[in-house]
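Colleague: Under the working numbering, the residues of the sequence shown are numbered 244 to 691, in order.
Just so you know, even glycine gets a beta-carbon here, dropped at the ideal spot from N, CA and C.
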Amino acid sequence: MNNEHWRQRDLDVLWHPCTQMKDHEELPMIPIRSGKGVWLEDFDGNRYIDAISSWWVNLFGHAHPHINRRLAEQAQSLEHVILAGLTHPAATELAERLVSITPPGLERVFYADSGSAAVEVALKMSFHYWRNLGQQRRTRFVCLSGSYHGETLGALGVSDVGLYKQTYAPLLLEPIVVPSPDAFERAPGMSWAEQARERFQAMEQTLARHHDEICAVIVEPLVQCAGGMRMYDPVYLELLRQACDRYQVHLIADEIAVGFGRTGTLFACEQAAITPDFMCLSKGLTGGYLPLSAVLTNDKVYQAFYADYSESRAFLHSHSYTGNALCCAAALAVLELFEQSDVLAENRRRSARMRAAVAGLEDHRNVGDIRQTGMILAIEMVDDHGRPYPWQQRRGLAVYRHGLDHQALLRPLGNVVYLMPPYVIEDDEIDHLAGVAMDGIDRAVAIR
Ligand SMILES: *Cc1c(COP(=O)(O)O)cnc(C)c1O
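1) Might you give, ordered along the chain, the residues of its own chain that have their beta carbon closer than 8 angstroms to the beta carbon of Glu481, omitting 5 neighbours on each side?
2) Under the DSSP definition of a beta bridge, which residues are partnered with Cys523?
3) Can the beta-carbon of Asp476 be found less than 9 angstroms from the beta-carbon of Ser434?
4) Taking 8 angstroms as the line, does the beta carbon of Ala294 fall inside it for any heavy atom of ligand 1?
5) Scan the region 373-421 and note each continuous alpha helix (DSSP H) run of 4 residues or more that stays entirely inside, going in chain order.
6) Helix, strand or coil: how does DSSP classify Ser594 here?
7) Looking at C-alpha atoms only, which residue of Glu350, Thr382, Leu652, Cys571 is the closest neighbour of Gly278?
8) With DSSP as the reference, identify every bridge partner of Glu623, one or two as the case may be.
9) Measure from the alpha carbon of Ala677 to the alpha carbon of each residue in Leu647, Arg691, Arg598, then state which is nearest.
10) Whose C-alpha, out of Arg484, Gly531, Trp249, is nearest the C-alpha of Ile275?
11) Under DSSP, the alpha helix (DSSP H) around Cys487 begins and ends at which residues?
12) Can you tell me the Cα-Cα spacing of Ser296 and Leu620, whole angstroms?
13) Under three-state DSSP, which class holds Trp282?
14) Measure the C-alpha to C-alpha separation of Gly611 and Glu322 and round it to an integer number of angstroms.
15) Got a sec, what are the start and stop residues for the alpha helix (DSSP H) Arg312 sits in?
16) Pull the bridge partners of Phe510 from the DSSP assignment, please.
17) Residues in the same chain with beta-carbon distance under 8 angstroms from Val586, minus the five sequence neighbours each way, listed in chain order, please.
18) So does Thr395 have its beta carbon nearer than 8 angstroms to some heavy atom of ligand 1?
19) Which of helix, strand or coil does DSSP assign to Tyr354?
20) If we ignore side chains and look at the alpha-carbon of each, how far apart do Glu669 and Ile292 end up?
21) Using the three-state DSSP reduction, which class does Gln546 fall into: helix, strand or coil?
22) Start and end of the alpha helix (DSSP H) containing Cys570?
23) Return yes when the Cβ of Arg440 is within less than 9 angstroms of the Cβ of Val478, no when it is not.
24) So Gly212 and Val660 are in contact, right, with Cβ under 8 angstroms, and what is the actual spacing, rounded?
25) For chain D, is any of its Cβ atoms less than 9 angstroms away from the one on Met597?
26) In whole angstroms, give me the CA-to-CA distance for Ile613 and His645.
27) Starting from the C-beta of Gly566, find all residues in its chain whose C-beta is less than 7 angstroms away, skip the five residues before and the five after it, and write them out in chain order.
28) What is the rounded straight-line gap between the Cα of Arg380 and the Cα of Phe370?
29) As a quick exercise: from Arg374, Pro346, Ala360, pick the residue whose alpha carbon is nearest that of Glu554.
30) Put Arg290 into one of helix, strand or coil per three-state DSSP.
31) Going by alpha carbons, who is nearest to Glu463 out of Ala445, Thr506, Asp455?
So, in structure tokens, the structure goes:
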């Protein structure tokens, strides 16, 4: 059975996510046979370094022996059980661990089954909290320009990524969209922190004017990933925390992509020393093994729902697979891996290596920016006049194709080529990826 065999069978029946299927008339689908560490292997025996951690979920590589062992053990005792009325040790232990490693004050864990579902939970909980307090006027949410919080209707509603959103606009919430502190948009000579402080003024004004109708502000701390790996200074989060306290509005930190060490600290909020009212976790939570998400919140929120049943205050939200035991076991195994070695310190060295490996692009006329936060490194391609290429030109696709021909799975976001590899990548593999990315960029910008 080779690639062609699986490709044909696949294209007869599957509809792939986030894909114009017609592209595959030209673009070969890659059927993967196996994964090990940072490597993926297809059915023709070609190998690829997973430079994007399979959509940012993988932390410790594919087929990790420790996670595999934990999963097998869990499957022997309990695969899944309804989490209403019943519970199981993996769900309890994981909740205890999450409370102990997240910023102080987050004391309650609510499970869901995807990142988007976690965002839905946080939005509904915040809204419902204010109802339970008798504040019926609060129905609105604030998000940042360029933000991404998932693709179910509620989560998409508080996102600001045009391509994904336009079509569904009539179905969506109407958030107040405030300009992002995105450092790439700063004026020449400005620091990231200055940009963050200046952009914060719009947030301050929005909260001053609308706070009594706002439930919560939702942000992706430090890196707006799907919006093009746009990054900002932690001071924005500090200011936002202070303002949310002042105006009595919730702060939702969507750490679905940036949590679990991606930004250099275990959670991005740590870099601003803040505790949000809700923290959404998913993606890396199970090391890229299984779909699981968690929303953490504080005791004050929890208590606002705690009452006699007849008062109708309970949070009546559930998913069939809430708190699935296999998912929780995988997550516990991942947390054990964080304990077994100083992953964050090792990643500091890896991050420096990644940055050094792309230094050759610093004076490239078609590279508008090289930015990095921890284990996320992004390169922004620009035209000869320093402007973004029109998205229809699909320059990123040329980098993607070049990568596949050279043992690298790179999947640019528009004009942004990024490296976001698993935390087990070796130096020579980093150098290889950087080389392929640089050649791919040369190729993509040469297209006339
Ligand atoms: C991926 C992502 C989501 C959505 O998670 P899914 O599991 O794909 O539903 C939400 N927020 C952020 C910041 C993400 O990167």
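Modeller: Taking the definition as stated:
1) Taking the first residue of the sequence shown as position 1, residue 481 is located at position 238. Taken in chain order, the residues that qualify are Ala515, Ala516, Ile517.
2) On the sequence shown, residue 523 is found 280 positions in, with the first residue counted as 1. Its beta-bridge partners are Asp497, Val538.
3) For the purposes of this step, residue 476 is taken as the residue at position 233 of the sequence shown. For the purposes of this step, residue 434 is taken as the residue at position 191 of the sequence shown. In contact: Asp476 and Ser434 (Cβ atoms closer than 9 angstroms).
4) In the sequence shown, residue 294 corresponds to position 51, counting from 1. Set against 8 angstroms, the gap from the CB of Ala294 to the closest heavy atom of ligand 1 is not smaller.
5) 396-400, 405-408
6) Here residue 594 is taken as the residue at index 351 of the sequence shown, counted from 1. In the structure shown, the three-state DSSP call for Ser594 is helix.
7) Your numbering for residue 278 matches position 35 in the sequence shown. Nearest C-alpha to Gly278: Leu652.
8) Translated into positions along the sequence shown, residue 623 becomes position 380. BP columns for Glu623 point to Asp612, Val659.
9) Residue 677 sits at position 434 when you count from the first residue of the sequence shown. Taking only the C-alpha atoms, the option nearest Ala677 is Arg598.
10) Taking the first residue of the sequence shown as position 1, residue 275 is located at position 32. Residue Trp249 is the option with its Cα nearest to Ile275.
11) Taking the first residue of the sequence shown as position 1, residue 487 is located at position 244. Looking at the DSSP string, the run of the alpha helix (DSSP H) that includes Cys487 is 478-490.
12) Here residue 296 corresponds to residue number 53 of the sequence shown, with the count starting at 1. Here residue 620 corresponds to residue number 377 of the sequence shown, with the count starting at 1. So the two alpha carbons sit approximately 13 angstroms from each other.
13) Within the sequence shown, residue 282 is the residue found at index 39, counting from 1. Here Trp282 sits in strand by DSSP.
14) Counting from one through the sequence shown, the residue named residue 611 turns up at place 368. Counting from one through the sequence shown, the residue named residue 322 turns up at place 79. One C-alpha to the other measures close to 49 angstroms.
15) For this step, residue 312 is matched to residue 69 along the sequence shown. From DSSP, the alpha helix (DSSP H) with Arg312 extends over 308-320.
16) On the sequence shown, residue 510 is found 267 positions in, with the first residue counted as 1. DSSP lists no partner for Phe510.
17) The count along the sequence shown starts at 1 and reaches residue 586 at position 343. Closer than 8 angstroms at Cβ, skipping near neighbours: Gly504, Leu580, Tyr666.
18) Reading the sequence shown from its first residue, position 152 is the one you call residue 395. Result yes, Cβ under 8 angstroms from ligand 1.
19) By one-based count along the sequence shown, residue 354 stands at place 111. The answer is strand: DSSP assigns Tyr354 an E or B state.
20) Along the sequence shown, read from residue 1 onward, the residue named residue 669 stands at position 426. Along the sequence shown, read from residue 1 onward, the residue named residue 292 stands at position 49. Those two C-alpha atoms are separated by around 11 angstroms.
21) The count along the sequence shown starts at 1 and reaches residue 546 at position 303. Helix at Gln546.
22) Counted from its first residue, the sequence shown places residue 570 at position 327. DSSP places Cys570 inside the alpha helix (DSSP H), whose first and last residues are 568-583.
23) Stepping through the sequence shown from its first residue, residue 478 is reached at position 235. Stepping through the sequence shown from its first residue, residue 440 is reached at position 197. Yes.
24) With the chain covering only 244 through 691, there is no way to say anything about residue 212.
25) The chain labelled as chain D is not found in the depicted structure, where only one protein chain is given.
26) Translated into the one-based positions of the sequence shown, residue 613 becomes position 370. Translated into the one-based positions of the sequence shown, residue 645 becomes position 402. Answer to the nearest angstrom: the Cα atoms are 20 angstroms apart.
27) Translated into the one-based positions of the sequence shown, residue 566 becomes position 323. Closer than 7 angstroms at the Cβ level, and outside the excluded window around Gly566, lie Leu326, Ala334, Tyr354.
28) For this step, residue 380 is matched to residue 137 along the sequence shown. For this step, residue 370 is matched to residue 127 along the sequence shown. So the two alpha carbons sit approximately 10 angstroms from each other.
29) Within the sequence shown, residue 554 is the residue found at index 311, counting from 1. Per the Cα distances, Arg374.
30) The residue labelled residue 290 in the question sits at position 47 within the sequence shown. Arg290 falls in the strand class under three-state DSSP.
31) The count along the sequence shown starts at 1 and reaches residue 463 at position 220. Measuring from the Cα of Glu463, the nearest candidate turns out to be Thr506.
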